[in-house]
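Asks:
There are 2 protein chains.
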Amino acid sequence: MGFASQWLLIFVVTFFTITTVSSSHKIPRLSPVDPRLRYQTNAVTTTVSNDHLKTFFYNQTLDHFNYKPESYATFRQRYIINSKWWGGAKKKAPIFVYLGAEGPIDGDIGALGLLPDIAPRFKALVVYLEHRFYGESNPFGSNGDPSSIKAMEESVRNKTIRGYFNSAQALADYAELLSHIRKELCAHDSPVIVVGGSYGGMLASWFRLKYPHIALGALASSAPILYFDTITPQDGYYSIVTKDFKEASEKCYHTIRKSWDEIDRVASIPNGLAILSQKFKTCSPIRTSFELKDYLEMIYAGAAQYNAPPTYPTTQICQAIDGANNATNILDRVFAGVVAYQGDGPCYNLTSRVSQTSIGWRWQACSEMVMPIGITSNISMFQSEPYEEKLVIDDCVNRYGVRPRPHWATTYYGGYDIRLALNKFGSNIIFSNGLRDPYSSGGVLEDISDTILAVKATNGSHCLDLLNSRESDPEWLVEQRNEEVKIIKRWLSKYYKSLPLLKQ
Amino acid sequence: MGFASQWLLIFVVTFFTITTVSSSHKIPRLSPVDPRLRYQTNAVTTTVSNDHLKTFFYNQTLDHFNYKPESYATFRQRYIINSKWWGGAKKKAPIFVYLGAEGPIDGDIGALGLLPDIAPRFKALVVYLEHRFYGESNPFGSNGDPSSIKAMEESVRNKTIRGYFNSAQALADYAELLSHIRKELCAHDSPVIVVGGSYGGMLASWFRLKYPHIALGALASSAPILYFDTITPQDGYYSIVTKDFKEASEKCYHTIRKSWDEIDRVASIPNGLAILSQKFKTCSPIRTSFELKDYLEMIYAGAAQYNAPPTYPTTQICQAIDGANNATNILDRVFAGVVAYQGDGPCYNLTSRVSQTSIGWRWQACSEMVMPIGITSNISMFQSEPYEEKLVIDDCVNRYGVRPRPHWATTYYGGYDIRLALNKFGSNIIFSNGLRDPYSSGGVLEDISDTILAVKATNGSHCLDLLNSRESDPEWLVEQRNEEVKIIKRWLSKYYKSLPLLKQ
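Those protein sequence lines, which keep their order, are chains G and F.
Under the working numbering, the first residue of the first sequence is numbered 8, with each subsequent residue one higher.
Under the working numbering, the first residue of the second sequence is numbered 8, with each subsequent residue one higher.
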């Protein structure tokens with residue numbers, strides 16, 4: 008449990024920082040897990056004690072795509088293996104690999120229960136790979152504590168070092184490291200299934216597409232691989248947030264919708280910002296109404312994204328907003344929503360402490376993972392705030408001195424006309440999505456072929472299928488996970504059948 | 008015809024240089040075309056006059072996989088378009104793309120007749136892309152003549168610049184450039200078929216696998232994608248050379264087989280090297296018997312590799328060897344073979360002038376394109392000369408200061424258990440091979456699936472299907488090309504059928 012709490016801490020403090028790249032660059036958190044999970048303690052998932060987890064380090068190539076002398080530098084990449092249930096190389100028992108994303112890998116292990124939950128019935132080895140630059144896998148941090156915030160800050164400030172910090176290099180790390188692990192275990196015939204959520208889900212699906220000779224299949228949970236370039240309308244994300252709140256309560260939706268103008272109105276009267284600070288119990292005085300609105304927007308986005316049973320945060324917030332005692336004032340109602348979501352506290356921090364994740368992802372979002380999320384629609388619950396590429400580019404240039412490459416993701420990974428491209432190409436990918444997750448707007452929601460499948464849960468939220476199972480899990484969630492297991496079983500059984508026929 | 012002659016010159020002079028990376032590192036030429044083509048003038052291929060070819064330059068990203076400031080540098084990448092037959096973007100007429108390999112692109116155009124020969128019946132646009140660092144697409148050569156040998160020498164000597172000189176970057180160039188071309192032509196729905204031969208054939212198959220959203224299919228001619236790591240036995244190449252000569256004449260095979268010891272014997276007697284120099288009419292005195300043996304080995308390898316109708320060089324050589332007038336001496340017989348192959352001349356150069364190709368490929372072979380070709384078998388026509396990885400690595404380190412990455416090609420591109428990996432993954436690749444081509448030993452010779460197909464010609468040689476068609480072409484060659492056309496037609500017809508159904 009030590010892992011989980013350490014991890015939760017990281018995500019709690021970073022959740023709100025991420026949005027401040029620029030006012031016109033909304034990047035809601037991509038982490039698989041709700042920061043509010045700290046309030047949920049009824050996990051019944053297989054307990055993974057530290058005894059079963061062994062940590063290793065691999066001397067990873069710094070630059071896979073270059074042959075300068077400095078490209079040959081290596082860094083220590085962390086990976087963790089749980090062999091408790093493995094049937095062994097001789098039996099060609101499978102290897103389930105969790106592809107780390109934008110955070111320390113040990114953080115994810117405690118919360119992502121799907122792999123340890125299903126590994127026993129597959130007799131699978133479970134491997135967790137840490138993404139370069141995060142956790143202890145920071146090439147720049149080898150002289151001090153690589154997992155420190157300072158190390159991440161220094162690597163992202165360093166023009167040369169941060170250049171190596173991107174998804175193609177990370178996938179190549181995984182390819183090289185998995186080849187190494189299979190070789191070490193003499194497990195050349197053990198099929199590999201890669202699993203990831205959110206950004207990690209994108210990596211999982213891309214890994215299957217780019218390295219089919221290493222991974223037999225991929226479970227890509229809540230992977231918004233279509234939220235690049237102009238594939239997905241920029242409104243996708245916030246229109247689902249809006250829908251979630253409308254579904255929770257039409258009245259609540261109207262209250263929130265009206266609250267923005269009210270905040271602006273109060274902010275503009277004499278002493279207005281002080282009134283807002285007092286009303287929202289902010290730990291430090293509010294400097295602009297934008298600050299408060301941004302904070303609230305992110306609460307609603309977070310509630311919608313991690314809108315998980317049994318508590319359903321959007322319902323929680325709306326019940327508080329609708330039921331606020333004697334509160335005729337819109338702002339009092341909205342604040343009641345904040346209290347319901349954040350918990351009762353002496354004061355509320357509108358901005359949070361920085362973390363490895365917030366610093367690292369800001370760079371990734373300013374280089375290649377440019378997701379154009381904005382608000383233009385007037386049916387939205389929010390004030391209009393269109394995505395403006397020029398502002399984003401200017402902000403990134405200003406911050407890092409280099410321009411983002413907003414078209415590179417679709418050039419390297421594809422995305423446009425994905426059914427046309429992949430219907431007769433590729434296989435063995437599950438794109439799982441919860442349709443209440445705002446990121447599902449950029450996900451693959453229809454089957455692409457017989458083996459590239461969309462598994463949807465109408466009431467599901469972000470990466471819910473990957474999380475620890477609970478007594479309280481509704482039937483549809485249990486079924487979603489069962490369906491995923493069934494599909495993976497099918498891949499493996501086909502694989503074992505074809506192995507003697509196709510292996511040369 | 009200007010292109011062709013310029014090109015031929017380049018290949019003629021470079022053919023023999025390439026093998027001198029080190030004595031234990033045999034790398035027979037990967038070019039699609041026989042240097043001896045200069046003797047064959049009866050091409051009946053569609054004449055591509057310069058009027059139909061338009062040359063363009065694209066500001067290509069220097070480093071696709073890094074975000075350092077210097078990665079953003081660009082270089083001028085050359086490409087050439089022939090739109091004579093194109094049906095246009097509105098009709099979604101296809102685009103055939105020749106992926107340039109280890110030489111200047113204008114050189115290839117004149118000799119590779121398949122594309123202009125078949126383009127009219129597909130109403131296809133024909134595009135030729137030049138590989139980075141070759142021809143005029145040298146990032147280092149922008150201040151002078153980028154296509155000069157000096158520019159190539161300088162780029163390969165420069166530790167930083169040559170780092171960018173590799174296949175993954177070249178494929179990314181092609182992806183970015185093709186996206187650009189389709190955008191410029193508003194041809195988003197025009198299907199792209201990539202075509203390449205030898206190293207370019209490897210690039211074509213890898214491009215389809217890595218960028219299926221950009222290329223609908225690939226024709227990979229004589230692509231030895233399995234000649235990496237330990238997939239193909241090192242003897243593969245020279246055992247086919249041996250077989251070719253044996254098939255041409257058993258007697259000739261025995262003569263050649265015995266000749267090596269005879270050369271060694273003569274070399275060891277007083278004045279022996281002078282005798283050999285005189286006997287083989289070398290332009291400069293032979294310094295070691297190895298020099299002469301290496302020269303002869305490469306003649307036999309070249310004859311086997313480009314063993315094309317109507318002259319069939321192995322037969323030519325063997326007829327000369329077997330029929331040498333009154334020549335009871337083995338060496339006289341062997342020399343008669345040289346004359347038959349090289350033509351009558353005042354003297355013979357054992358080493359040739361360097362070229363862009365020889366310098367560039369030597370670097371590629373010392374960094375990632377490490378093909379372990381050697382001779383261990385005692386049934387071979389040659390003296391034993393096993394591939395020794397350690398010697399190759401030492402030689403490369405000595406030359407460039409960095410170690411090759413001999414396992415990277417199989418990590419990035421795969422190759423082991425290729426049927427297992429691709430039987431249910433990927434589609435639309437033709438691996439065409441001529442079985443008399445020694446490189447076919449590292450090629451894909453069996454169908455992998457219904458749409459990843461092996462097209463073989465028992466009597467075919469290296470990249471023969473891509474070359475200009477001729478009156479003298481045997482029936483089997485005409486059929487091989489027809490089969491390829493039929494397969495490509497099938498891909499396109501499936502594509503056009505699925506377009507309205509699958510495009511979103």
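Even glycine gets a Cβ: it sits at the ideal position worked out from N, Cα and C.
Per DSSP, Q84 (chain F) is paired with what?
Replies: Partner(s): F:Y65.
Asks: Should Y590 (chain F) and S205 (chain F) be called a contact, given that it needs their Cβ atoms to be closer than 8 Å?
Replies: With chain F covering 8 to 511 only, the question about residue 590 (chain F) has no answer from this structure.
Asks: For V399 (chain G) versus I425 (chain G), is the C-beta spacing smaller than 8 Å?
Replies: Their beta carbons are not under 8 Å apart, which means V399 (chain G) does not touch I425 (chain G) by this criterion.
Asks: Kindly list, in the order they appear in chain G, the residues whose Cβ is closer than 9 Å to that of V409 (chain F).
Replies: Within chain G, the residues near V409 (chain F) are Y74, K75, P76, S78, Y79.
Asks: Does any CB atom of chain G fall closer than 8 Å to the CB of A5 (chain F)?
Replies: Outside the modelled stretch of chain F, which goes from 8 to 511, sits residue 5 (chain F), for which no answer is possible.
Asks: Closest by CA to L473 (chain F), which one among F:D457, F:E490, F:I459?
Replies: Minimum Cα distance to L473 (chain F) is reached at F:E490.
Asks: Classify N73 (chain G) as buried or exposed, calling it buried when 16 or more other Cβ atoms lie within 10 Å of its own Cβ.
Replies: Classification for N73 (chain G): buried.
Asks: Can you say whether T262 (chain F) is buried or exposed, counting buried as having 16 or more other CB atoms within 10 angstroms of its CB?
Replies: By the neighbour-count rule (16 or more Cβ atoms within 10 Å), T262 (chain F) is buried.
Asks: Straight-line CA distance for A225 (chain G) to A182 (chain G)?
Replies: Using only the alpha carbons, I get a separation of about 14 Å.
Asks: Please check if any C-beta of chain G sits within less than 8 Å of the C-beta of V28 (chain F).
Replies: At V28 (chain F) the pLDDT is 36, less than 50, meaning the model places this residue with poor confidence; the figure from the coordinates comes in the next sentence. Closer than 8 Å: no.
Asks: Report the residue ranges of all alpha helix (DSSP H) runs contained in full by the segment 139 to 190 of chain G; include only those spanning at least 4 residues, in chain order.
Replies: Qualifying alpha helix (DSSP H) stretches, in chain order: 156 to 164.
Asks: Which residues in the same chain as K258 (chain G) place their Cβ atom closer than 7 Å to its Cβ, once the five residues preceding and following it in sequence are excluded?
Replies: Cβ within range, chain order: D329.
Asks: Below 7 Å on C-beta distance, what does D424 (chain F) contact in chain G?
Replies: Simply K510, Q511.
Asks: Would you say the beta carbon of S468 (chain G) is closer than 7 Å to some non-hydrogen atom of the ligand GTP?
Replies: You won't find the ligand GTP in this model; it holds no ligand whatsoever.
Asks: Taking C-beta pairs closer than 8 Å, name the residues in chain F that K166 (chain G) reaches, listed in chain order.
Replies: Under the 8 Å cutoff, chain F gives K75, P76.
Asks: For L280 (chain F) and chain G, any beta-carbon pair shorter than 8 Å?
Replies: No, L280 (chain F) lies away from the interface with chain G (no Cβ there is under 8 Å from its Cβ).
Asks: Using Cβ-Cβ distances below 8 Å, what residues of the segment 167 to 193 of chain G are close to chain C?
Replies: Any reference to chain C falls outside this structure, whose protein chains are G and F.
Asks: Give the secondary structure of I437 (chain G) by DSSP, where H, G and I count as helix, E and B as strand, and everything else as coil.
Replies: Here I437 (chain G) sits in strand by DSSP.
Asks: What residues in the segment 198 to 225 of chain G have a beta carbon less than 7 Å from any beta carbon of chain F?
Replies: Those would be K217, P219, H220, in chain order.
Asks: With DSSP as the reference, label F512 (chain F) as helix, strand or coil.
Replies: An answer regarding residue 512 (chain F) cannot be provided, because it is not within the stretch 8 to 511 covered by chain F.
Asks: Between V404 (chain F) and the rest of its own chain, which residues show a CB-CB distance below 8 Å, the 5 nearest in sequence each way excluded?
Replies: Contacts found: R410.
Asks: Can you pull the chain G residues whose beta carbon is under 8 Å from the beta carbon of K431 (chain F), in chain order?
Replies: The answer, in chain order, is S434, N435, T458, K501, S505.
Asks: Please classify R369 (chain G): is it buried, with 16 or more other beta-carbons within 10 angstroms of its beta-carbon, or exposed?
Replies: Label assigned to R369 (chain G): buried.
Asks: Span of the alpha helix (DSSP H) holding I366 (chain G)?
Replies: 363 to 374 is the span of the alpha helix (DSSP H), which, as asked, contains I366 (chain G).
Asks: Going by other Cβ atoms of all chains shown within 10 Å of its Cβ, with 16 needed for buried, is R139 (chain F) buried or exposed?
Replies: Counting Cβ neighbours within 10 Å, R139 (chain F) comes out buried, since at least 16 surround it.
Asks: Quick one: what does DSSP say E392 (chain F) is sitting in, helix, strand or coil?
Replies: Of the three classes helix, strand and coil, the one that applies to E392 (chain F) here is strand, per DSSP.
Asks: Can you look up V451 (chain G) in the DSSP assignment and give me helix, strand or coil?
Replies: Looking at V451 (chain G) - three-state DSSP - the assignment turns out to be coil, as it is neither helix nor strand.
Asks: Have a look at Q67 (chain F) and F82 (chain F) and give me their C-alpha separation to the nearest angstrom.
Replies: Straight-line Cα distance between these residues: approximately 5 Å.
Asks: What's the call for Y503 (chain G), buried or exposed, on a 16-neighbour Cβ count within 10 Å?
Replies: Its Cβ having fewer than 16 others within 10 Å, Y503 (chain G) is exposed.
Asks: Using the DSSP secondary-structure output, state which residues sit across from S228 (chain G) in a beta bridge.
Replies: For S228 (chain G), which the question treats as bridged, DSSP gives the partners G:G204, G:S439.
Asks: Which of the three DSSP states, helix, strand or coil, is assigned to I494 (chain F)?
Replies: Helix.
Asks: Are any of the Cβ atoms in chain G nearer than 8 Å to that of V428 (chain F)?
Replies: Residue 428 (chain F) is actually Ala in this sequence, not Val. Answer yes: the Cβ-Cβ gap between A428 (chain F) and chain G drops below 8 Å somewhere.
Asks: List the residues of chain F whose Cβ lies closer than 8 Å to the Cβ of T358 (chain G), in chain order.
Replies: The premise fails here: T358 (chain G) is roughly 27 Å from chain F at the closest Cβ pair, so nothing lies under 8 Å.
Asks: Does any residue of chain F have a CB that is nearer than 8 Å to the CB of T239 (chain G)?
Replies: Not an interface residue.
Asks: Across the segment 246 to 260 of chain F and the segment 313 to 333 of chain F, are there enough close Cβ pairs to call them in contact, namely three or more that are closer than 8 Å?
Replies: Result yes; three or more Cβ-Cβ pairs closer than 8 Å.
Asks: State whether the segment 277 to 284 of chain G contacts the segment 456 to 469 of chain G, with contact taken as three or more CB pairs (one from each stretch) at a distance under 8 Å.
Replies: At 8 Å Cβ cutoff, the stretches do not touch.
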